[in-house]
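Working notes for the structure below.
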Amino acid sequence: MHLTGKVQLDSGFCFDYANMLGKDLIKEQDLEQITERISTATRGIAKIRDLGYAKGHLSKDGEPEPVFFTKLPEIKAGNPNTPESIARLKDYARQVWETKEVIIFFGIGGSYLGGKVLFDIQAGAFWNQKKPLERKGFPKVFFSGNNLDADQDYALLEELVRQAQYKKLANQGKTKVLLIPITKSGTTIETLTSFIYFFEQMKLANTLFEFDVTVVSEQCKNSHDNVLVRLAKEHKWEIFDIQKGIGGRFCIFSNPGLLTAALVGMDIEELLRGAREMELACQDDDVLKNPALLNATLKYIASEKYGCDIEVLMPYSMRLKSLGEWYVQLLAESLGKKKNKLGKIVNYGRTPIAAVGTTDMHAQTQQHQDGRRNKVIQFIDIAEKDTKIYLKNPFPEVKEFDKFSGMGVDEALKLALAANAQALSEDKRFNAQYCLPKLSPYYVGQLLYFLMLSVVYEGELADINAFDQPGVEAYKRIMKEKMQCD
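Structure, rendered in structure tokens:
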């Protein structure tokens, strides 16, 4: 077995793991010692791909539950994403662009984080400050229901009322709003409380607002038990299904994520094409020819043999800051497990930390560099950015500023990433890098799917269920009981 330190796909996507290897770090014999475990993991994922089932996986109700996330990238009849479902999303998006000025998404966890990632990448931080023409006619977009926070809800409503009043004073009519609650069960408290509040307030302020509702939730045989779906049918609201077999943290390539992406003009077919090509690139049983399996194996070894129980994801782009937050849920809920599939207590997993370069080089890097040797640091680099800024020295009398003259800001960013990686490596600190040629829907699809599949492969390596979340269900049960008592 020969580890080269880098995997580069034909697409240009690159996984550089050289700084995970070496003296006091991972060695080739570490992988050779777990070849049977790696083979077992590949068989487990093959079963998920072929049959749609993961060994031992049950729903929170204790019933066998399918696992369909590997089918999401391919647009195909019989898959979660079909030609008809994609066409419907695109047609609906065009309809919304023509009729709505404001969209509010309500969701938490996977029903929020994935959509927020795609929004941030496509729209950027100042989307809502742009004029309609600058947004190419796309609506303003807000997110709520991602916390039980009355201040947040009230502040958003106050701002929407202010904007609507200004519009009315200008004799431009009512503000046309679309409310989109996203919750698989239809019972998520954070989503429902925020949605109910805005629904009620929009009705009361009917001289300012004209609004509709679209529901994203699971429709199944027992959908009568899903109060949100029931309401949608009674009121003839549009419904987009969250299909069975797709957990919240894996739903970014299904309706909760794709609807958000489509509504802000992202090419969702390119997003899925990137994911599909990554899926095809990660089907080899040879760990050296399967980048997601290799990524999972290296981190499994770092965790089990070298004591790495913290994982940092650090993209060098503010546009990817929310991707770190999405990854926190993916890693924590998938791998943080008390028991393995045999019921043995293992307390597996790593604590995920979201960071962003260069911001957190001035905050977290001191800990990464000098703290306990229990971390894997992962960088994300965008090779070619759309925006180029080159500096001049507007103060020629200040010779100290001459070094900035002619400097590209993106060049400085790359130097900072390289310096961070080198400093960590020189002190034998585990770190790796994912490089995208550019920040496009295609490459974003590749990266997101690569991270998801890596986590699932590691679940198989550790013999844990990467698809359940019993720890989350514990507090939900207690909270439900307390609310009923009150």
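Under our numbering, the first residue of the sequence shown carries the number 363, and numbering increases by one thereafter.
By construction, the Cβ of each residue, glycine as well, lies at the ideal position given by its N, Cα and C atoms.
Please read all numbers here as calculations on a predicted model, not as lab measurements.
Mind checking if THR537 is an interface residue toward chain B, Cβ cutoff 9 Å exclusive?
Looking for chain B here will not work: only one protein chain is present.
Counting along the chain, where does the beta strand (DSSP E) carrying TYR710 start and finish?
707-710
Starting from the Cα of PHE571, find the closest Cα among LYS478, GLU843, GLY535 and give me that residue.
GLY535
Are the region 597-611 and the region 626-637 touching, with three or more C-beta to C-beta distances below 8 Å?
no
Let me know if TYR516 comes out buried or exposed under the rule of 16 or more other beta-carbons within 10 Å of its beta-carbon.
exposed
Measuring CA to CA, which of LEU434, TRP459, GLU460 is closest to ILE448?
LEU434
Count the other CB atoms, across all protein chains shown, that sit within 10 Å of the CB of ALA780; report buried if there are 16 or more and exposed otherwise.
exposed
Length of the line joining the Cα atoms of LEU480 and PRO803
9 Å
Residue closest to LEU675, alpha-carbon to alpha-carbon, out of ALA380, ASP743, MET845
ASP743
When the Cα atoms are used, what is the spatial distance from MET640 to GLY472?
21 Å
Considering only their Cβ atoms, is the gap separating THR553 from PHE468 smaller than 9 Å?
yes
So if DSSP puts ILE744 in a beta bridge, which residue, or which two residues, is it bridged to?
LEU798
Just list the residues that DSSP pairs TYR752 with in beta bridges.
GLY770
With DSSP as the reference, please indicate the residues paired to LYS737 in a beta bridge.
ILE672
May I ask which residues mark the beginning and end of the alpha helix (DSSP H) holding SER696?
683-697
Let me check understanding here. Comparing Cα to Cα, which of PRO543, LYS701, THR550, THR549 lies closest to PHE560?
PRO543
Looking only at its chain, what residues have a beta carbon closer than 6 Å to the beta carbon of GLY711, apart from the 5 residues adjacent to it on each side?
LEU697, GLY698
What would DSSP say about THR576, mapped onto helix, strand or coil?
strand
The ligand MG heavy atoms versus the CB of PHE602: any closer than 8 Å?
Questions concerning the ligand MG fall outside what the structure shown contains, since it holds no ligand whatsoever.
Range of the contiguous alpha helix (DSSP H) that encloses VAL458:
445-461
Alpha carbon to alpha carbon, how far is ASN793 from ALA783? Give it in angstroms, no decimals.
7 Å
Would you tell me roughly how many angstroms separate the C-alpha atoms of ASP830 and LEU810, rounded to the nearest one?
20 Å
Supposed contact pair PRO653 and ALA643 - C-beta distance, whole angstroms, cut 8 Å:
7 Å
Please confirm whether GLY477 and THR576 have their CB atoms less than 9 Å apart.
no
Among ARG734, GLN729, LEU775, LYS368, which has the Cα closest to the Cα of LYS750?
LEU775
Endpoints, the alpha helix (DSSP H) within which LYS565 is located
551-566
Cα separation between GLY686 and GLY367?
24 Å
Per the DSSP calculation, LEU420 is bridged to which residue(s)?
PRO426
Give a yes or no on contact between the region 733-740 and the region 666-682, applying the rule of three or more CB pairs nearer than 8 Å.
yes
Where GLN502 falls: helix, strand or coil (DSSP):
The sequence shown places Lys at residue 502, rather than the Gln named in the question. DSSP places LYS502 in strand when its eight states are reduced to three.
Examine the Cβ distances between the region 821-828 and the region 386-393 and report whether three or more of them are shorter than 8 Å.
no
Under 9 Å between the Cβ atoms of THR432 and LEU655?
no
Looking at the unbroken beta strand (DSSP E) that takes in PRO714, where does it start and where does it end?
713-716
ASP603 - containing beta strand (DSSP E), residue span:
600-603
Burial state of LEU634 (16 or more Cβ within 10 Å):
buried
Nearest-angstrom Cα distance between LEU566 and VAL690?
38 Å
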